[in-house]
Each structure stands twice: as structure tokens, then as C-alpha cells.
Amino acid sequence: MASALGDIKILDLTDPLGHYAGYLLANLGAEVTKVEPPGGDPSRKWKPLLPDTPEIEAGMQFLLMNVGKKGITLDIRAQEGKDTFLKLLEETDVLLQSWSPEEASALGFDPTELRRRFPNLINASVTGWGLYGPYASLAYSDIVSLAMAGIMNLSGFAEGPPTQLPDNQGFHCASLNLAAGVVAAILERDSSGIAQDVEVSMHESLLMAEETAMQTADIRGIDRERTGGTSGVIGIKLPGMGLYSAEDGWVYAMAAGIAGAGFAGLLELMDLLGDSIADELRQEPYASVMAEFSNSAAVFRLLGDPEKLKEIEDVFAEADVLVTRFFQKYPKEQLYVEGQKLRLLIGPVNGPKELSESEQLNYRNWFRTVNDPGRGRELRYPGAPWQLEATPAILSRPAPFLGEHNEEMFTSVGLTESDLKALSENGVI
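Using the numbering used here, the letters of the sequence shown correspond one by one to residues 1282 to 1710.
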């Protein structure tokens, strides 16, 4: 089957910041080879581990991020390893790496030198801060970047401290941008014949996730506050808007005149389920207040009228107590399914098991099952974030065993069996 990047060869030397980029490009059909130090990438041993599997081959994070790739071991800091790596680059279209400027220089692979030696190579860098600027050589991590990019400042409740997000959000944002930059560079090279470097900063990649926080500060002089389970755009707690406890978990509702069927739709849902709370909410003072703010234009006008907001905020709070009581009575799936019939925006807060069983995801064949005979089982993986009609995503190769493709890759650039033996004995591969 044809693939979008079927003629592209990629060497992946990224740290965990860029692993997902190689995964995405492999999904597009590129031949992606992960280059690890002889002892293996550290993520091979990160927990959780696949049961009944040698530890070096069991890291589930490694399996997820490297399915679809080939794998070789090579110490590029040793002169023999460096020479071998340069031979591999002669046959490579794209180099993915996470070197700081100092690391690249120490290795002898700074961008200027690579461009001189390999004019057709797309050298794609992903680091925490980019390759220049006062932070360029500083260490980085996902959590530190989420904090410094302001994302953590918007996460949590107004009365509490900033909240840590799940790990690797920054890594994935940066990797998505790296993959997009690589595809753009490939298109330009195909069009003009000119290869170029690609540089991605995780810090900059995360700034878009602030939505309008920076613009609000720049233009209006207002710092967006943490809003917990409510909308960060609206900034006030409207009845039917935000995170609610259901009988068996949580739901997020947008039933406050911003989109969908609005608060009137929420009352219809209560009627549909035979719940008398709807009758209470149709009484004053709730009825007139909720009717007045039944559309987004009215809600945003309210934001510009602090006196009016203060006048009715107690009514909002009392109505929300009733709405909370309603949601607590019903399973989240029932609220979602019945709400959808009324164009009511209610979403269950799903966990991994629920996502794995998702009717929507399974209907679209989003999950990919890969036979992994070396690990003695079939493994089910998340799919790519896009679907291409003529060149669909490819995910058939299991994550590589340590050094699995050494012989294949190294002999393809002229090394002999005796060369490989010597490299192995010297700890280079």
C-alpha cells in the first residue's frame, strides 16, 4: 500500500521530547530508525513495564513511542561510532535530534558543519528552549516547561495553587510541531531542491495552549485567573456550565447559553428523565434570570456589567446547587446519551478503559493492533491524529528490540561482519 512518506529515511536521535515526532512520521510511512546508545534508551526501563518481558524490552512508554520504527545501537561519541554515523547520514533524508548547541558542537555535528557535509539533509532539532537565546543551554523537563509557559498558572482552582498536568503534554506538543515542520521541509526540498534546518522549542510550542491569556493581558491588562471546573473564557460560574459529579463519575456540561441547547435544553433533559428539579428551576427568581442570559451575547454583556453580575450572582449560585443535585442522580453515560438527543453539550469524563471501549474510536479503527512475536503477544496502540484517504497511516512494525537492526543498517552502508564484531567488542554498538 502506498504511503505518504514511503521514500523518506529518517534517523531518530531525539530524547523523550521528540519520540512522538518519529512515531508520527513512521505512521506516514517513513522509514524511521531509532538510534540508541549501546546500553539502550533510558525509556526502555521506565515503568509501567510489560509483564513477563525482560526489563530492557518492557518499558511501555518506549513501546508506545517507538512502534513502527527500526532500531540500532551506536555510540556516536566514540570516533568509530561517529564515523559510522556519518556513513548513515549519507543515506538519510531527515535527522531528528535533541542536542543543545554545546552538545552538537562537542559531537562535531553543529548545524553549519552538517549542512556543509550533507546539503540535502533536513536537520530537525527539538529542545526545551530552542537553539539560541539566554535559555538555550539550560536543562528542561515537561513539568518545568508547563510551569514556565504559563499553562500551569491557568490550571486549578482560583483559591488554590497552580495544578500539575499529566506528564508529557509538553513533549507531545513539541513533537507534533516537529513532525509538521519536517513535512513542510520535505515539501520544500521536493519543490525547490533546497534542504533546510527545522528548529522547535517546547517552550514556544506550549504558549499556544494558553489560548487568549497573553492577549488578554496585553490588550485588556487583565490576568486570566484559574477557574477550576468552569470556563476559563467566561470566567464566572454559570448554572449548567462546568464540571459536575455524576452518579458514577464526572461530566463536563456546557448548558448555559454559550452553545448547543443551552439552559432550556438542560430543563428538557430533566423533564425527559422525570426529574422534578426542572419545576423548581422554572420558578422565580431562577426563571427570569436564566431566560435573560440564555444566549452567549447576553452572557458576554454581563461580563462587562459588574453591578448586574453582583446583583444576580446569588441566584446563579442557588440555581447551580439544584443543577448539581440533578447531575449527581444519574450515570454519566445516560446524561451524555440523553443530552445528545437534545443537542445538549454534556461530556463524560472518561478514563482509559472507557476510551478503549469507545464506540466512536473503534468504529473509526483508530486503535492499531500490532503483532509483536518477540514479546509473545499482540499489542494495541493508539492511532495517529489524522486519517489520509489515499495513503492511510501505517503501523505494522513492533517497537525494536535493542540493536535489532544493527546488521541490516550497518551492512547497508558498507560495514562488514568483521567491522561489526570489532564495533561490538569495543562497546560502540
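Ideal Cβ positions, reconstructed from N, Cα and C, are used throughout, including at glycine.
Residue i classed as buried or exposed, judged by whether at least 16 other C-beta atoms fall within 10 angstroms
i     : result
T1365 : buried
K1315 : buried
K1622 : exposed
V1618 : exposed
Y1413 : exposed
A1439 : exposed
Q1668 : exposed
N1308 : buried
M1489 : exposed
G1687 : The displayed chain sequence assigns Asn, not Gly, to residue 1687. The residue is buried, with at least 16 neighbouring Cβ atoms inside 10 Å.
E1698 : exposed
R1645 : exposed
Q1378 : buried
L1404 : Checking the sequence, you will find Asn at residue 1404 rather than Leu. Per the 10 Å Cβ criterion, buried.
D1504 : exposed
P1679 : buried
N1458 : buried
L1524 : exposed
D1586 : exposed
D1471 : exposed
D1423 : buried
S1569 : exposed
L1306 : buried
Rounded separation between residue i and residue j - CA only
i     : j     : result
T1354 : L1704 : 11 Å
A1387 : E1371 : 21 Å
I1291 : L1376 : 6 Å
I1500 : L1487 : 21 Å
G1441 : P1392 : 45 Å
P1323 : R1658 : 23 Å
K1702 : R1358 : 18 Å
V1407 : V1602 : 48 Å
Y1301 : E1312 : 15 Å
A1600 : P1520 : 6 Å
M1429 : H1484 : 8 Å
D1560 : N1449 : 46 Å
A1540 : R1656 : 48 Å
F1682 : A1476 : 32 Å
T1373 : I1289 : 8 Å
P1297 : K1351 : 17 Å
A1466 : R1606 : 54 Å
Y1421 : P1566 : 53 Å
N1492 : K1613 : One detail in the question is off: residue 1492 reads as Glu in this sequence, not Asn. Taking the straight line from one Cα to the other gives about 28 Å.
M1346 : N1652 : 16 Å
G1320 : A1460 : 27 Å
R1398 : G1349 : 29 Å
L1367 : E1361 : 10 Å
Y1533 : D1356 : 50 Å
P1663 : P1443 : 30 Å
Element boundaries [alpha helix (DSSP H), containing residue i]
i     : result
S1699 : E1698 to E1706
A1439 : From DSSP, A1439 is part of no alpha helix (DSSP H); its letter is neither H nor E.
R1397 : P1392 to R1398
P1629 : Here P1629 belongs to no alpha helix (DSSP H); instead the beta strand (DSSP E) covers L1626 to P1629.
Y1617 : K1613 to K1622
I1467 : Q1450 to S1473
I1424 : D1423 to M1429
G1389 : Counting along the chain, G1389 falls outside any alpha helix (DSSP H), and DSSP gives it neither H nor E.
L1306 : H1300 to N1308
E1689 : N1687 to T1692
First and last residue of the uninterrupted beta strand (DSSP E) at residue i
i     : result
L1294 : K1290 to L1294
R1606 : Element bounds for R1606: not the beta strand (DSSP E) but the alpha helix (DSSP H), P1587 to F1608.
S1486 : It is not in any beta strand (DSSP E) - S1486 instead sits in the alpha helix (DSSP H) that spans M1483 to L1488.
V1407 : I1403 to T1408
Residues that DSSP places opposite residue i in a beta bridge
i     : result
I1353 : V1316
S1637 : DSSP, once it has assigned bridges, lists no residue as partnering S1637.
V1479 : A1405
L1435 : The partner list for L1435 (beta bridge, DSSP) is empty, contrary to what the question assumes.
R1649 : Y1662
L1524 : Y1533
Heavy atom of the ligand ATP within 7 Å of residue i beta-carbon
i     : result
Q1621 : Of the ligands one can find in the structure shown there are none, so the ligand ATP has no counterpart to examine.
Runs of 4 residues minimum, wholly inside the region 1528-1585: which ones carry the alpha helix (DSSP H) assignment? The qualifying runs are 1543-1553, 1558-1562, 1567-1573 and 1577-1584.
Length-filtered (4 minimum) alpha helix (DSSP H) runs lying within the region 1331-1377: 1341-1347 and 1360-1370, all fully within the region 1331-1377.
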